[in-house]
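Residue numbers (our numbering), protein chains in the order written: chain A, 864 to 1341; chain B, 1263 to 1543.
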């Protein structure tokens, strides 16, 4: 490393740097909206870090990334070094720098935030990742490594399995990830839109795992292509189930099966995974009419609404609670508003009406009011009798949540579940010997970062189970 | 090589049998199940019903009618080439009772989809009669296989060029009536399945229909394949594809399957415009 000039003093009083965004007028393509810091901004923001003696951010990070140290590297202008520090814990700074809810974890814990705005750790993580992309291309060159330890099967290629794979392959386990779809990434690929997470970022970070020796098998549905028992028979010594929450809830209202009515899963899969926005250049179409109504208040609702806007539709998000109760990230809500998504609060769908060809044309809604807080502390909405009204809609998207996909559970009755979710103990163990689980299949609809946290915990549990002496299977380094 | 096509035969005009190396699917599949296929790396995902398998060649066979862009891309593949993706077996196997009088009804390419179900009925000790419909004599497929594996086969052709002149449901009504069968299975175009369900409503017959709605993932994730059966909404990919024909809302299914007709034409035109040769057969 080149000799660096004396390090400037931390300056937490400097204003938190705003993330430059794509002009809303230009957001009619899938291009990424958050543009990332400029070099100047990254410098200012990195210097805002106090380099605390007892950094609370690291404990708050579900992956325990050494935030203090990577930011110090950035203060020195050593972005590759920053990337290396992050890589000790996570190979996904490009993904997490974009989709992790930093405001709930590291930034919430940031000491600077007690007096000023917290350090923009997420944006710095992303900056390090973006500036290490050239280094990444070097990292994934050459022959993939060939681990020699016990075989471990990870089911599903979403965030939980990806981080488990990283941890296990570095301990020299022979890791295979089985993915049901034809593309890797799970919810990161089918659920999160390009404008939040460009596909090449995802592919590059997954390619790094491939280079470390993780084997990926697509179009393989554990439970259908092979049972868990068969995986053990084929020599896998432990199995991790990270199959996610892929079963969409339906609105259960009349007219739901009209054409033009989608679950968020279908709508987002058509666009994110099958690239329907490029139809007919790509073969999968999607119906986006003049007006779109998206039902729900979470991140999927924002994602669907923002896609509909990009395809030129007048878009409304219909949510049965109020603005304060929206579950989506504030940033996503803000972006949706900038892009012209209209919000209709305290209203719920009652029925859908269609034309003679079976295409949806209108939604009947009812006004809601918030009652007393329920056990969970949230005020539960109740319909106001007689307040029904109709709005036109040629496209309707139900973004009202999802449950774990039951495919595997159906053929594996010995796997204990509760309301569809796989039951695990504190070590991530299921009711089956040497079968572990984590992420949304355990939590229901949760977040990428908590899935990663579960994947990491399961990897540690698998290592404990397969290597009681704590060895690392004779591979010295990673 | 996995997913490689090792046999390819034209059974009738625009109806092609493809035999594909798929050891895992061959070992695990049961009658009534399907696979999701992407013929090329730039194709849509489509469901295809498994027709047969060969343990010796570790293969499965499907019969494809080239009607849209993806099915055209599928049948354009030649022996030695491979599907980009092949996943399965998906869906629940067909319900196969024992010791019953069973009628099997199929129309068009549904005849191929029926074959494994009809065989499974016979193998389980049921008395099976098969009624098949085709546009004309030259569109009749798999007659020998059905006779050998299932039971007597009766044909109906739309133009009367072979067997009964008319559709297969009309043939059913001339051959049998209420009480003639305990169970039945119908696979074919939606209007034909609906007609079969309507014709047998008071026959004291448990009739199963094998549905083929629009699907993306085929694993219960998207909900695009939802169908109304009685009072409930089912996902054909994971709850089906077989349902009680007398309770399926076929009109809704037809509307949903037709929802992308304009898009399909556009896709076809686009494909024909810039990928010469795909549409020649």
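Ideal Cβ positions, reconstructed from N, Cα and C, are used throughout, including at glycine.
In this text the structure is predicted, and so the values were computed from the model without any measurement.
Is there a C-beta anywhere in chain C that falls below 7 Å from the one on residue 1043(A)?
The chain inventory of the structure shown lacks chain C, comprising the protein chains A and B.
Test item: CB-CB of residue 1046(A) and residue 1052(A) under 7 Å:
Position 183 of the first chain, counting from 1, holds the residue named residue 1046(A). Position 189 of the first chain, counting from 1, holds the residue named residue 1052(A). Between residue 1046(A) and residue 1052(A), the gap from beta carbon to beta carbon is short of 7 Å.
Using only alpha-carbon positions, find the residue among 1249(A), 1216(A) and 1223(A) that is nearest to residue 1230(A).
Locating residue 1230(A) in the first chain gives position 367, counting from the first residue. Nearest C-alpha to residue 1230(A): 1249(A).
N- and C-terminal bounds of the alpha helix (DSSP H) containing residue 1378(B):
Here residue 1378(B) corresponds to residue number 116 of the second chain, with the count starting at 1. Note, residue 1378(B): alpha helix (DSSP H), 1372-1385.
Against chain A: residues of the region 1466-1488 of chain B by CB proximity under 8 Å:
If you check each beta-carbon in the region 1466-1488 of chain B against every beta-carbon of chain A, the ones closer than 8 Å belong to 1478, 1479, 1481, 1482, 1483, 1484, 1485, 1486 and 1488.
Report the rounded CA-to-CA distance for residue 1538(B) versus residue 1335(B), giving the unit in angstroms.
In the second chain, counting from the first residue as 1, residue 1538(B) sits at position 276. In the second chain, counting from the first residue as 1, residue 1335(B) sits at position 73. Note that residue 1538(B) scores a pLDDT of 39, beneath 50, so its modelled location is shaky; the value from the coordinates is reported in the next line. Going by the C-alpha atoms only, they are around 12 Å apart.
Proximal residues of chain A, C-beta to C-beta of residue 1347(B) below 8 Å:
In the second chain, residue 1347(B) corresponds to position 85, counting from 1. Within chain A, the residues whose beta carbon sits less than 8 Å from that of residue 1347(B) are 1045, 1081 and 1082, listed in sequence order.
Could you please give me the residues that DSSP links to residue 1366(B) through a beta bridge?
Translated into the one-based positions of the second chain, residue 1366(B) becomes position 104. Its beta-bridge partners are 1392(B) and 1447(B).
Where does residue 886(A) sit, in a helix, a strand or coil, going by DSSP?
As a working note, residue 886(A) is residue 23 in the first chain. Residue 886(A): coil per DSSP, three-state reduction.
CB residue 887(A) to CB residue 1200(A), shorter than 7 Å?
Counted from its first residue, the first chain places residue 887(A) at position 24. Counted from its first residue, the first chain places residue 1200(A) at position 337. Not in contact: residue 887(A) and residue 1200(A) (Cβ atoms no closer than 7 Å).
Classify residue 1337(A) as helix, strand or coil using the three-state DSSP reduction.
Counting from one through the first chain, the residue named residue 1337(A) turns up at place 474. Interpretation of residue 1337(A) is limited by its pLDDT of 49, a score under 50 that renders its predicted location unreliable; the figure taken from the coordinates is listed afterwards. Reduced to three states, the DSSP call for residue 1337(A) is coil.
Between the alpha carbons of residue 1048(A) and residue 1041(A), how many angstroms are there, rounded?
What you label residue 1048(A) is simply residue 185 of the first chain in a count that begins at 1. What you label residue 1041(A) is simply residue 178 of the first chain in a count that begins at 1. For residue 1048(A) and residue 1041(A), the gap between their C-alpha atoms comes out near 11 Å.
How about residue 945(A) and residue 936(A): are their beta carbons less than 7 Å apart?
Along the first chain, one-based indexing puts residue 945(A) at 82. Along the first chain, one-based indexing puts residue 936(A) at 73. Cβ distance < 7 Å, so residue 945(A) and residue 936(A) count as in contact.
Anything in chain A within Cβ reach of residue 1495(B), meaning under 9 Å, just list it in chain order.
In the second chain, residue 1495(B) corresponds to position 233, counting from 1. Within chain A, the residues near residue 1495(B) are 1113, 1115, 1119 and 1120.
Is there a Cβ from chain B that is less than 7 Å from the Cβ of residue 1007(A)?
For the purposes of this step, residue 1007(A) is taken as residue 144 along the first chain, with counting starting at 1. Taking Cβ atoms only, chain B never reaches closer than 7 Å to residue 1007(A), which makes this a no.
Alpha-carbon to alpha-carbon, residue 986(A) and residue 880(A):
Counted from its first residue, the first chain places residue 880(A) at position 17. Counted from its first residue, the first chain places residue 986(A) at position 123. Rounded to whole angstroms, the gap between the alpha carbons of residue 880(A) and residue 986(A) is 9 Å.
With burial defined as no fewer than 16 other Cβ atoms inside 10 Å of the residue's Cβ, what is the status of residue 1301(A): buried or exposed?
Taking the first residue of the first chain as position 1, residue 1301(A) is located at position 438. With 16 or more Cβ atoms within 10 Å of its Cβ, residue 1301(A) is classed as buried.
Bounding residues of the beta strand (DSSP E) (the contiguous stretch that carries residue 1239(A)):
Along the first chain, one-based indexing puts residue 1239(A) at 376. Counting along the chain, residue 1239(A) sits inside no beta strand (DSSP E), nor does DSSP assign it H or E at all.
Leaving out the 5 sequence neighbours to the left and right, which residues in its chain are closer than 6 Å to residue 1379(B) when beta-carbon positions are compared?
Reading the second chain from its first residue, position 117 is the one you call residue 1379(B). Closer than 6 Å at Cβ, skipping near neighbours: 1293, 1294, 1356 and 1447.
Closest residue to residue 1066(A) among 910(A), 999(A) and 890(A) (Cα-Cα distance)
If you number the first chain from 1, residue 1066(A) lands on position 203. That would be 999(A), whose Cα lies nearest to the Cα of residue 1066(A).
Report the residue from 981(A), 962(A) and 963(A) whose alpha carbon sits nearest the alpha carbon of residue 971(A).
Reading the first chain from its first residue, position 108 is the one you call residue 971(A). For residue 971(A), the nearest C-alpha among the options comes from 981(A).
Looking only at its chain, what residues have a beta carbon closer than 6 Å to the beta carbon of residue 1504(B), apart from the 5 residues adjacent to it on each side?
Position 242 of the second chain holds residue 1504(B). Taken in chain order, the residues that qualify are 1294, 1356, 1470 and 1472.
When the Cα atoms are used, what is the spatial distance from residue 1098(A) to residue 1025(A)?
Along the first chain, read from residue 1 onward, the residue named residue 1098(A) stands at position 235. Along the first chain, read from residue 1 onward, the residue named residue 1025(A) stands at position 162. Rounded to whole angstroms, residue 1098(A) and residue 1025(A) show a C-alpha spacing of 21 Å.
Could you check whether residue 1315(B) and residue 1340(B) sit closer than 7 Å to each other, using their CB atoms as the reference points?
The residue you call residue 1340(B) lines up with position 78 of the second chain. The residue you call residue 1315(B) lines up with position 53 of the second chain. Going by C-beta atoms, residue 1340(B) is not nearer than 7 Å to residue 1315(B).
Quick one: is residue 1343(B) near chain A, going by C-beta distance under 7 Å?
Position 81 of the second chain, counting from 1, holds the residue named residue 1343(B). Taking Cβ atoms only, chain A never reaches closer than 7 Å to residue 1343(B), which makes this a no.
Should residue 1528(B) be flagged as near chain A, meaning a C-beta pair shorter than 7 Å?
The count along the second chain starts at 1 and reaches residue 1528(B) at position 266. At least one chain A Cβ lies under 7 Å of residue 1528(B).
With residue 1125(A) and residue 1260(A) assumed to form a contact (beta carbons below 8 Å), what rounded beta-carbon distance in angstroms separates them?
The residue given as residue 1125(A) occupies position 262 in the first chain. The residue given as residue 1260(A) occupies position 397 in the first chain. With 8 Å as the limit, residue 1125(A) and residue 1260(A) qualify as a contact, their Cβ atoms being about 5 Å apart.
Short-range partners of chain A found in the region 1384-1418 of chain B, where Cβ spacing is below 8 Å
Look at the region 1384-1418 of chain B: it has no residue with a C-beta under 8 Å from a C-beta of chain A.
Consider the Cβ of residue 1011(A): report whether some Cβ of chain B lies at a distance smaller than 7 Å.
In the first chain, residue 1011(A) corresponds to position 148, counting from 1. It does not; no Cβ of chain B falls within 7 Å.
When you compare only the Cα positions, how much space is there between residue 1208(A) and residue 1233(A)?
Translated into the one-based positions of the first chain, residue 1208(A) becomes position 345. Translated into the one-based positions of the first chain, residue 1233(A) becomes position 370. Residue 1208(A) and residue 1233(A) have their C-alpha atoms some 11 Å from each other.
Counting only Cβ pairs nearer than 8 Å, list the residues of chain A close to residue 1521(B).
Here residue 1521(B) corresponds to residue number 259 of the second chain, with the count starting at 1. Contact of residue 1521(B) with chain A by beta-carbon distance below 8 Å involves 1122, 1123, 1150, 1221 and 1222.
Residue span of the beta strand (DSSP E) that contains residue 1327(B), given as start and end:
Taking the first residue of the second chain as position 1, residue 1327(B) is located at position 65. Segment 1321-1327, the beta strand (DSSP E) holding residue 1327(B).
Work out the CA separation of residue 1308(B) and residue 1005(A) for me, nearest whole Å.
Translated into the one-based positions of the first chain, residue 1005(A) becomes position 142. Translated into the one-based positions of the second chain, residue 1308(B) becomes position 46. Distance between the alpha carbons of residue 1005(A) and residue 1308(B): 36 Å.
Residue 1110(A): contacting residues in chain B (beta-carbon distance under 9 Å)
Indexing the first chain from 1 puts residue 1110(A) at position 247. Chain-order list of chain B residues neighbouring residue 1110(A): 1482, 1483, 1485, 1497 and 1500, by C-beta distance under 9 Å.
Who pairs with residue 1123(A) in a beta bridge, going by DSSP?
If you number the first chain from 1, residue 1123(A) lands on position 260. Answer by DSSP bridge pairing: none, since residue 1123(A) is not bridged.
Give the single residue among 885(A), 1298(A), 1320(A) and 883(A) whose Cα lies nearest to the Cα of residue 1094(A).
Stepping through the first chain from its first residue, residue 1094(A) is reached at position 231. The residue with the shortest Cα to Cα distance from residue 1094(A) is 1298(A).
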